[in-house]
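J.: Heads up, our numbering is the position in the sequence shown plus 61, with the first residue counted as 1.
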Amino acid sequence: MKPIMLHGHERAITQIKYNREGDLLFSAGKDHAPNVWFSINGERLGTFNGHNGAVWNIDVSWDSARFLSGAADNTCKLWDCSTGKCIDTLTTESAVRSVGFSYSGNMIMYTTDRAMNKPCLCVIYDCRDSSQISQQKPLSKMELPKSKSKITSAVWGALDEFLIFGHDGGELTQWDVKMREEVITKYEDHKAKINDLQLSKDGSMLITSSKDTYAKLFDAATLTHMKTYKTSRPVNSAAISPIHDHVVLGGGQEAMEVTQTAKQSGKFEARFYHLIFEEEFGRVKGHFGPINSLAFNPNGEEYSSGAEDGYVRVHRFDSSYYDFDFDY
């Protein structure tokens with residue numbers, strides 16, 4: 062696979078995400094300005110200018126009309142995808158760590174860090190009520206108890222009925238949106254910070270990525286643990302293929318611990334595992350820093366990776382990938 066190299070960021074990539082059709086690829090980094098690209102040829106379509114801090118998390122609505130970003134400048138911004146203009150800015154008391162559109166696109170949520178004696182919050186707005194956002198009167202605000210470690214990643218569950226949170230201490234929790242209470246807590250599966258949560262295309266499965274060197278597969282509705290994928294390095298991101306029983310994992314030691322280029326030693330490779338048999342069957346090299354984010358194109362024909370080196374690499378699968386079959 063010869064990748065398309067996208068270099069529109071001056072600093073490390075924090076997250077990449079495809080839209081529902083897979084023709085657009087959104088990227089965010091520590092350089093304050095998310096970008097959007099045509100995934101087929103790597104042409105940059107535009108930049109979302111307005112943040113004054115590292116952009117930690119992004120999401121795009123199902124119809125690709127709106128874009129959401131959360132940053133270290135204590136703001137969550139809602140953008141018009143077609144014009145790149147900021148529609149609304151939600152101010153917070155601490156950095157915004159996770160953002161997300163509900164599947165219907167009617168609601169947005171963001172989570173904030175616990176810092177400067179400010180609590181860790183999850184806030185939900187209904188986009189159909191413009192007064193909620195303009196007056197910053199949210200539909201729901203859930204405060205995480207101080208006894209729990211802060212939220213590091215979050216996704217909407219099926220039918221917009223619940224939210225799933227990954228925590229700094231390794232806990233995986235599910236919260237009921239209407240009742241505003243925690244309904245499922247999993248302490249035993251991860252022993253360190255959960256870096257990333259991603260759902261399968263149909264929303265039935267959830268894959269977690271943790272600093273404890275494991276990625277794990279769960280039933281999204283019940284958080285029942287199903288599969289485990291072991292690596293030798295912290296896992297920063299993992300994604301589930303929409304057309305094959307494959308998952309891809311990426312990570313590496315933290316940037317502050319990197320003393321020399323480790324490309325040849327395999328620390329910064331994307332690793333492919335069989336979803337069911339949990340066995341590794343392929344690796345893709347290329348990045349010169351830890352991989353921070355991975356995403357499969359919804360059509361399953363390519364995947365992309367964003368890393369600490371500031372590059373996004375779009376990999377379109379060769380025919381040999383489709384011919385490969387696991388022996389069992």
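A virtual CB, placed ideally from N, CA and C, is assigned to each residue, including glycine.
In this text, all values refer to a predicted model and were calculated from it rather than measured experimentally.
(1) Could you give the DSSP three-state label for residue 115: helix, strand or coil?
(2) Look at the Cβ atom of residue 298, then the Cβ atom of residue 270, and state whether they are nearer than 7 angstroms.
(3) Use the C-beta contact count for residue 77: other C-beta atoms within 10 angstroms, 16 or more gives buried, fewer gives exposed.
(4) Which one or two residues does DSSP pair with residue 215 in a beta bridge?
(5) So, for residue 192: in the same chain, excluding its five sequence neighbours on each side, which residues have a beta-carbon less than 8 angstroms away from its beta-carbon?
(6) For residue 129, does the three-state DSSP call read helix, strand or coil?
(7) Just to confirm my understanding: we take residue 292, look at its own chain, exclude 5 residues before and 5 after, and list those with CB closer than 8 angstroms. What are they?
(8) Using three-state DSSP, classify residue 193 as helix, strand or coil.
(9) Between the Cα of residue 283 and the Cα atoms of 306, 334, 243, which residue gives the shortest distance?
(10) Measure the C-alpha to C-alpha separation of residue 111 and residue 127 and round it to an integer number of angstroms.
(11) I need the boundaries of the beta strand (DSSP E) containing residue 290, first residue and last residue.
(12) Would you kindly work out how many angstroms separate the C-alpha atoms of residue 354 and residue 343, rounded to a whole number?
(13) Using the C-alpha atoms, what's the distance from residue 103 back to residue 361?
T.: To lay it out plainly:
(1) Residue 115 sits at position 54 when you count from the first residue of the sequence shown. Residue 115: coil per DSSP, three-state reduction.
(2) Counted from its first residue, the sequence shown places residue 298 at position 237. Counted from its first residue, the sequence shown places residue 270 at position 209. In this structure, residue 270 lies closer than 7 angstroms to residue 298 by Cβ.
(3) As a first step, residue 77 is located in the sequence shown; it is residue number 16 there, counting from the start. Residue 77 should be labelled buried.
(4) The sequence position of residue 215 within the sequence shown is 154, counting from 1. Residue 215 is bridged by DSSP to 226.
(5) Working through the sequence shown from its first residue, we reach residue 192 at position 131. Excluding sequence neighbours, residue 192 sits near 198.
(6) For the purposes of this step, residue 129 is identified with residue 68 of the sequence shown, where counting begins at 1. Residue state, collapsed to three classes: strand.
(7) Reading the sequence shown from its first residue, position 231 is the one you call residue 292. Cβ within range, chain order: 274, 275, 276, 310, 312, 332.
(8) On the sequence shown, residue 193 is found 132 positions in, with the first residue counted as 1. Here residue 193 sits in helix by DSSP.
(9) In the sequence shown, counting from the first residue as 1, residue 283 sits at position 222. Measuring from the Cα of residue 283, the nearest candidate turns out to be 243.
(10) Translated into the one-based positions of the sequence shown, residue 111 becomes position 50. Translated into the one-based positions of the sequence shown, residue 127 becomes position 66. So the two alpha carbons sit approximately 15 angstroms from each other.
(11) Sequence index remark: in the sequence shown, residue 290 carries index 229 (1-based). Where residue 290 is concerned, the enclosing beta strand (DSSP E) stretches over 286–291.
(12) The sequence position of residue 354 within the sequence shown is 293, counting from 1. The sequence position of residue 343 within the sequence shown is 282, counting from 1. Taking the straight line from one Cα to the other gives about 18 angstroms.
(13) Here residue 361 corresponds to residue number 300 of the sequence shown, with the count starting at 1. Here residue 103 corresponds to residue number 42 of the sequence shown, with the count starting at 1. Near 17 angstroms, if we compare the C-alpha coordinates of residue 103 and residue 361.
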